[in-house]
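Visitor:
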């Protein structure tokens, strides 16, 4: 039985892997590790405390009402996280829909992918703002959907708008990979 050196375990030299696969493996392992870290921090601290989720849910609801008012609706909020149109409750922004997990997912993907820290320092906040705005627009659109096509709200909430939001995250990540991540040199690929 052969004993592997510790360096082989730390550098994933157990099986020959070309450079591109090594980068993909590194990205996958870092993403998984960051997800587990996020899950642990969220489940054992943030979710139990609840204040961050509450503030974010209330903020998304309030700003969605602002968007609706700009569009000409008589919109407001009730109970802080409930969006109303014409004094009727149309959307409740629950903790799973406030975008916090999306922010963590996006941040983890950018941090896990190679690239200059200076680029990450501005790209991550910009991406978070874009995701935040998309989420506000999603909630406003669901409110309008509730008024004009109530029967489709459940489908649009669970599928259509989920697809739209995750597509934005994918597009942001692809923009990072293609424009700002560290390019592979010929020597590294060969």
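In UniProt numbering, the protein residues as written are 1 to 190. Here a beta-carbon is modelled for each residue, glycine too, at the ideal position from N, C-alpha and C.
In whole angstroms, what separates the C-alpha of residue 153 from that of residue 30?
Guide: The straight-line gap from Cα to Cα measures roughly 36 Å.
Visitor: Threshold first: 4 residues or longer. Then list the alpha helix (DSSP H) segments lying entirely within the segment 110 to 158, N to C.
Guide: 117 to 148
Visitor: Determine whether the beta carbon atoms of residue 90 and residue 146 lie at a separation below 7 Å.
Guide: yes
Visitor: Over the uninterrupted alpha helix (DSSP H) stretch that includes residue 165, give me the two end residues.
Guide: 161 to 175
Visitor: Report the rounded CA-to-CA distance for residue 120 versus residue 178, giving the unit in angstroms.
Guide: 14 Å
Visitor: Could you check whether residue 65 and residue 54 sit closer than 7 Å to each other, using their CB atoms as the reference points?
Guide: no
Visitor: Can you round the beta-carbon distance between residue 139 and residue 61 to whole angstroms, since I take them to be within the 8 Å contact cut?
Guide: About 7 Å separates the two Cβ atoms, so the contact holds.
Visitor: Alpha carbon to alpha carbon, how far is residue 22 from residue 59? Give it in angstroms, no decimals.
Guide: 41 Å
Visitor: Just verifying my parser: in three-state terms, what is the DSSP assignment at residue 33?
Guide: helix
Visitor: For residue 52, which beta-bridge partners are listed by DSSP?
Guide: Listed as beta-bridge partners of residue 52 by DSSP are no residues whatsoever.
Visitor: Can we say the segment 92 to 111 touches the segment 123 to 136, given the rule of at least three CB pairs closer than 8 Å?
Guide: As far as the Cβ criterion goes, the segment 92 to 111 touches the segment 123 to 136, which means the pair count is three or higher.
Visitor: Which partner residues of residue 83 appear in the DSSP bridge assignment?
Guide: As computed with DSSP, residue 83 is found in a beta bridge with 77 and 91.
Visitor: Is residue 72 helix, strand or coil when you go by DSSP?
Guide: coil
Visitor: Check whether the Cβ atoms of residue 98 and residue 68 sit closer than 7 Å, and answer yes or no.
Guide: no
Visitor: Taking Cβ to Cβ, would you say residue 163 is nearer than 7 Å to residue 115?
Guide: no
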